[in-house]
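Note that our numbering gives residue 146 to position 146 of the sequence shown, counting from 1, and the numbers run on in steps of one. In this text, a Cβ means the ideal position worked out from N, Cα and C, and glycines have one as well. Only a predicted model underlies this, so the values are computations on that prediction, with no experimental measurement involved. As C-alpha cells, the structure follows; a few thoughts come after it.
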Amino acid sequence: MKYFDPHIHMFSRTTDDYENMAAAGIVGVIEPAFWLGQPRTQVGSFVDYFDTLIGWEHFRASQFGIMHFCTMGLNPKESNDVELAEAVMKMLPRYCQKDNVVGVGEIGYDDMTPEEDRFLLEQLQLAIDQNLPVLIHTPHRDKVNGTKRTLDAIKESGIAEEMVLVDHLNEQTLPLVLETDCWRGHSIYPNTKMSEPRMVKLLQEYGTEKMIVNSAADWGVSDPLKVPKTAQAMLESGFSEAEVEKVTFNNPINFFAQSGKISIDMVKKPLIDQTKTYKENKVLRGQEPIIEKD
Numbered sequence: 001m002k003y004f005d006p007h008i009h010m011f012s013r014t015t016d017d018y019e020n021m022a023a024a025g026i027v028g029v030i031e032p033a034f035w036l037g038q039p040r041t042q043v044g045s046f047v048d049y050f051d052t053l054i055g056w057e058h059f060r061a062s063q064f065g066i067m068h069f070c071t072m073g074l075n076p077k078e079s080n081d082v083e084l085a086e087a088v089m090k091m092l093p094r095y096c097q098k099d100n101v102v103g104v105g106e107i108g109y110d111d112m113t114p115e116e117d118r119f120l121l122e123q124l125q126l127a128i129d130q131n132l133p134v135l136i137h138t139p140h141r142d143k144v145n146g147t148k149r150t151l152d153a154i155k156e157s158g159i160a161e162e163m164v165l166v167d168h169l170n171e172q173t174l175p176l177v178l179e180t181d182c183w184r185g186h187s188i189y190p191n192t193k194m195s196e197p198r199m200v201k202l203l204q205e206y207g208t209e210k211m212i213v214n215s216a217a218d219w220g221v222s223d224p225l226k227v228p229k230t231a232q233a234m235l236e237s238g239f240s241e242a243e244v245e246k247v248t249f250n251n252p253i254n255f256f257a258q259s260g261k262i263s264i265d266m267v268k269k270p271l272i273d274q275t276k277t278y279k280e281n282k283v284l285r286g287q288e289p290i291i292e293k294d
C-alpha cells in the first residue's frame, strides 16, 4: 500500500528518515511551517526557513523517492512577538503563491492570547484571499477550550468550514469538530497526543469521512512512520484496504487538493536521481548515487 503524511516537519529529520519512510510506502508529505524550538528574533530567519521549505527540502525529499509539499504560516507561539509577526504577515502572500505551497498553516493557538486571536484571524483571511485550505494547530494545553475557541474563530472569519483541517484532535475534541464541516486531523505520537489503538477506536466509532492521520514528527520524541503503523493497526482490527487507503492517502490529498496544486493522480513516488543538484548542492557525501530508470 502507499501512504501520504500530511503533517511532518522534515526540516528537523534526517535522510535516514526519508529512506525508512519511502521503504514503508510513504510516497508524499506535506510540511507545515512551524516553530523551530526557540523564538526567531528577526524576519530574515523566517525568509530563510520559508525558502528552505519550498526549495532545498522539496529537492531533498525527491532524492529519496518522496514528493514534498508544504504549507506557509506564522505559528501560534511566535504570533506573540507582534512586531515580528506583522513583518511575517507582509511576506506570507507571496510565499502562498508558490507552486508547492498547498495551504496556510500551521496556525492556531498556543496560550490563547489576544495576539494569537489577531494573527489567527488575519491568516484565515489570507487563506480566503488566496483560496487555500488551512491547517490549524490546536493547543497542547487546555485543549478542549482551545478547540472551542478555534471553532469560534473559524466561524467569525467566514471561511468555508470544508476548507479547514483542525489537527491534533483526541477523544475529547473530535466530537466538537464533528459538529462542523471541518476536516479532522489526528497526530499519532509514541507517548502522547494519540496512539494507533486509540485512533482505531475513533475510526470504529465515528467512521472514516474527513478523518486524517499524520505523524507530526519533528525535532522532539516522534516517529515518522506513524502513518503506515496506523494503517497496519487498522488492517489488523478489520478495516479493509480501501478504508485504510481512504484515511491514510485519499483523505489528506483530497483536502489539500482544494488548493488546485495537488491531486491523487499526481501523487506518486518520484524516480530517484542522486546526480541532480539544487543550487549546486547534492545530498550525497561521496556515496555512489542512486539513479532509477522508468
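- Annotation note: the stretch 102-144 contains the following uninterrupted alpha helix (DSSP H) runs of length 4 or greater, listed N- to C-terminal: 114-130.
- Under the DSSP assignment, Thr230 falls in the alpha helix (DSSP H) whose first and last residues are 226-236.
- Shown here, His58 sits in a helix according to DSSP, grouped into three states.
- If you look at Thr192, you'll find it isn't in any beta strand (DSSP E); DSSP assigns it neither H nor E.
- Contact check for Ser12 and Asp218: beta-carbon distance about 5 Å, within the 8 Å limit, so the pair qualifies.
- A distance of 8 Å or more separates the beta carbons of Phe69 and Leu165.
- Distance from the CA atom of Glu288 to the CA atom of Pro175, rounded to whole angstroms, is 51 Å.
- In the three-state DSSP reduction, Phe4 falls in the strand class (E or B).
- Within the model, the alpha-carbon separation for Thr113 versus Pro76 is close to 9 Å.
- Between Ile154 and Ile128, the gap from beta carbon to beta carbon reaches 8 Å or more.
- Shown here for Met21: same chain residues with a beta carbon closer than 7 Å to its own, the five before and five after excluded, namely Ile66, Pro224, Leu225 in chain order.
- Assignment of alpha helix (DSSP H) within the stretch 236-268, counting only whole runs of 4 or more residues, yields 241-245, 251-256 in chain order.
- Taking a 10 Å sphere around the C-beta of Ala23, we find fewer than 16 other C-beta atoms and assign the residue as exposed.
- Closest in alpha carbon position to Arg141, among Thr192, Val283, Asn131, is Thr192.
- In the displayed model, Thr173 falls within coil according to three-state DSSP, outside both helix and strand.
- With a beta-carbon spacing of about 7 Å, Leu121 and Glu156 fall inside the 8 Å limit used to define contacts.
- Rounded to the nearest angstrom, the Cβ distance from Gln123 to Gly73 is 6 Å, consistent with a contact under 8 Å.
- With 16 or more other Cβ atoms inside 10 Å of its own Cβ, Leu203 counts as buried.
- The beta strand (DSSP E) runs lying completely inside the stretch 37-97 and spanning 3 residues or more are 67-72, given in chain order.
- A residue is called buried once 16 or more other Cβ atoms fall within 10 Å of its Cβ, and Thr138 is buried on that count.
- Of the other Cβ atoms in all chains shown, fewer than 16 fall within 10 Å of the Cβ of Val144; this residue is therefore exposed.
- In the displayed model, Ile159 falls within coil according to three-state DSSP, outside both helix and strand.
- Burial check for Glu292: the Cβ neighbour count within 10 Å stays below 16, so the residue is exposed.
- When rounded, the separation of the alpha-carbon atoms in Ala85 and Trp56 is 24 Å.
- For Val213 against Thr180, the beta-carbon gap comes to about 19 Å, at or over 8 Å, which does not count as contact.
- Burial check for Pro6: the Cβ neighbour count within 10 Å reaches 16 or more, so the residue is buried.
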